[in-house]
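Just so you know, we're using the numbering used here here: the sequence shown kicks off at 2 and counts up by one. C-beta: ideal position from N, C-alpha, C; glycine also. None of these values were measured; they are calculated from a predicted model.
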Amino acid sequence: MAYVPRQRRYKVRWKVVAPLLVLIALIVYLLIGMFLPSNHQEVKKFTVCGLNEEQTIKALHKTSKETISVSDYLYYGESLDLYEKKYSPENKDTLSGKTVELKNICDGKTISMTMENTVDQKILLDEIPEGYYEVSIIDNLVKKRVIFQQPLKENAFYTAQRKGKVNKVSLIADTQLLKDYQITLDKNYLFLQVTSQTPRKGDIDVLIDPFGMNTDLTWLPDEGSKVNGLNENDEMYKAAVLMKKELEEKYGLRVAITKASKDEKGKAYGSDGRLAKGYKQHAKYYLFLRFSNYANDTIRGFEVAHSYYSSKTLARNLTYGVHKNLKMPLSPMYTGSDTGIVTGLLAEGADGKTIYDTNLYLRESGGRATLAGKYSETSQEQNADFVNANGMQGLEIDFVYISNKEDAALWKKQKNAIIKETARAFAEGINADNTTR
């Protein structure tokens with residue numbers, strides 16, 4: 002019988018082992034925490050102007066007994082327009098003539114502007130620096146905080162490029178603004194957030210539309226006027242190319258032309274039309290270039306037309322510039338206090354209302370502000386996408402009367418100077434003149 006040694010039994014001393022196991026587990030836990038990212042990082046709460054959380058609450062959690070309720074807003078060019086009622090030319094603009102105050106929470110400074118009765122002269126966004134602004138309106142000498150009846154959905158608007166940057170503008174009106182702190186505001190107070198950003202790829206500032214080869218009003222492409230040794234189609238395309246170069250190289254604007262060559266045909270209407278190019282690329286300004294032509298060949302002069310719903314301000318900058326610096330005559334065709342400026346007339350639309358610009362280019366380029374996509378059945382069918390769009394501030398620039406021999410000769414001799422001065426005056430008019438800012 003073989004000998005089997007006795008097995009030695011080892012007694013575990015748990016009083017010693019248990020603390021050791023706990024220590025090992027703790028070390029492993031600490032090592033995991035050090036070398037593996039945590040899935041439970043603290044959520045950063047909403048703040049403004051570089052303020053800390055406590056300062057943000059103090060700056061934004063305010064109540065106001067004096068308020069004025071706004072229900073609608075739109076953009077035209079670089080103007081932000083606020084309305085007490087839903088926007089319509091048939092509704093009285095009750096905020097016209099009142100002063101709006103923008104108080105920057107970041108530095109305490111206040112900007113004041115008078116909101117005029119035209120869609121381009123409300124809150125001028127090109128004049129507002131970065132910041133987070135409380136919005137108030139002076140109503141009968143009483144300062145009232147602006148509130149919206151309903152919370153605003155997330156929104157963003159981008160200004161034209163200046164010195165390589167654009168401003169992103171956001172309207173904020175929501176009682177849940179401070180929800181990160183479990184705080185609910187008593188009203189949808191309006192705030193305006195402005196931040197400087199690198200321009201978005203694909204956006205433009207100005208859409209230039211040279212007259213010629215249009216099929217808007219004719220079956221065959223309209224080459225424009227051909228008289229006194231000038232071809233309107235050819236001259237306007239060349240003018241557009243030079244103006245684009247001037248605005249881009251001297252004034253830092255992003256510019257597109259509605260056609261790639263002088264022979265390209267096209268319509269203003271439609272989702273693939275010339276105006277749609279501006280809407281799709283978020284242009285702020287629209288310049289329609291052409292010559293004037295009149296049966297009375299003694300009429301001559303530089304002329305600029307603007308929408309019935311916009312002011313003369315930008316048009317006046319152009320006429321003043323070419324007249325002062327080039328001694329160009331201004332057209333006397335339309336009498337008024339501003340020679341050479343044509344204010345749009347109104348026409349009756351398919352709905353029987355006389356509220357529509359007669360100039361289809363200025364009307365259909367202005368988006369919601371100028372009632373684009375509503376005038377006729379064709380407009381309603383082909384430009385439906387423009388109805389609620391942000392509007393391009395439009396001008397029709399008629400350089401000379403091609404029917405007048407003196408004007409034709411002037412154009413042949415000084416066209417480059419005329420185009421360059423027009424570009425300069427336009428850039429200055431929209432505060433894009435880098436020599437003055």
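*asked:* DSSP three-state label for Ala257, please.
replied: Against the sequence shown, residue 257 aligns to sequence position 256. Strand, per DSSP.
_Rounded straight-line distance, which links the Cα of Tyr357 to that of Glu1_ = Nothing can be reported for residue 1, as the shown portion of the chain is limited to 2 through 438.
*Hey, out of Gln122, Arg163, Asp73 and Asp94, whose CA is closest to Ala174's CA?*
Translated into the one-based positions of the sequence shown, residue 174 becomes position 173. Out of Gln122, Arg163, Asp73 and Asp94, Asp73 has the C-alpha closest to the C-alpha of Ala174.
_Segment limits, alpha helix (DSSP H) that includes Val242_ = For this step, residue 242 is matched to residue 241 along the sequence shown. That run of the alpha helix (DSSP H) goes Glu233 to Glu250.
_Just to confirm before moving on: does the CB-CB distance between Leu103 and Met114 stay below 9 Å?_
Along the sequence shown, one-based indexing puts residue 103 at 102. Along the sequence shown, one-based indexing puts residue 114 at 113. Contact: yes.
*On the DSSP bridge assignment, give the partners of Gln194 in chain order.*
By 1-based counting over the sequence shown, the position of residue 194 is 193. In DSSP, Gln194 forms a bridge with Tyr133 and Ser171.
*Are Ala269 and Tyr362 closer than 9 Å when you measure CB to CB?*
Translated into the one-based positions of the sequence shown, residue 269 becomes position 268. Translated into the one-based positions of the sequence shown, residue 362 becomes position 361. Yes; because the gap between Cβ atoms is below 9 Å, this pair is in contact.
*Looking at the C-beta of Arg146, does it have a partner C-beta in chain B at a distance below 9 Å?*
No chain B appears in the structure shown, which is made up of a single protein chain.
_Less than 6 Å between C-beta atoms, sequence neighbours within five positions excluded: which residues of the same chain meet that for Tyr335?_
Along the sequence shown, read from residue 1 onward, the residue named residue 335 stands at position 334. Answer for Tyr335: Val343, listed in chain order.
*Closest to Leu83 by CA distance: which of Val101, Ala410 and Asn326 is it?*
Along the sequence shown, read from residue 1 onward, the residue named residue 83 stands at position 82. Taking only the C-alpha atoms, the option nearest Leu83 is Val101.
*Test item: CB-CB of Arg301 and Glu397 under 9 Å*: For the purposes of this step, residue 301 is identified with residue 300 of the sequence shown, where counting begins at 1. For the purposes of this step, residue 397 is identified with residue 396 of the sequence shown, where counting begins at 1. No, they are not a contact pair.
*Hey, out of Glu422, Leu61 and Glu128, whose CA is closest to Met329's CA?*
On the sequence shown, position 328 is the one that residue 329 refers to. Ranking the options by Cα distance to Met329, first place goes to Glu422.
_Sequence-distant residues of the same chain with beta carbon closer than 6 Å to Asp408, five excluded per side_ = For the purposes of this step, residue 408 is taken as the residue at position 407 of the sequence shown. Hits under 6 Å: Arg301, Val401 and Tyr402.
_Of the residues Asn318, Ile106, Arg364 and Lys63, the one placed nearest Leu179, counting alpha carbons only_ = Position 178 of the sequence shown, counted from the start, is the residue given in the question as residue 179. Closest by alpha carbon: Lys63.
_Does the contact criterion of 3 or more C-beta pairs under 8 Å hold for the region 185–192 versus the region 210–228?_
no
_Span of the beta strand (DSSP E), counted from its first residue to its last, around Ser80_ = Within the sequence shown, residue 80 is the residue found at index 79, counting from 1. First-last of the beta strand (DSSP E) with Ser80: Ser80 to Tyr84.
*Please go through the region 345–398 and give each complete beta strand (DSSP E) segment of 3 or more residues, from N-terminal end onward.*
347–349 and 355–358
*Coarse secondary structure for Phe158, derived from DSSP in three states*: Taking the sequence shown and counting its residues from 1, the one referred to as residue 158 is at position 157. Three-state result, Phe158: strand.
*Asn215 by DSSP, collapsed to three states: which one?*
The residue you call residue 215 lines up with position 214 of the sequence shown. Strand.
*Taking Lys63 as part of the alpha helix (DSSP H), name the residues at either end of that continuous run.*
Taking the first residue of the sequence shown as 1, we reach residue 63 at position 62. Note, Lys63: premise wrong, no alpha helix (DSSP H); not H, not E.
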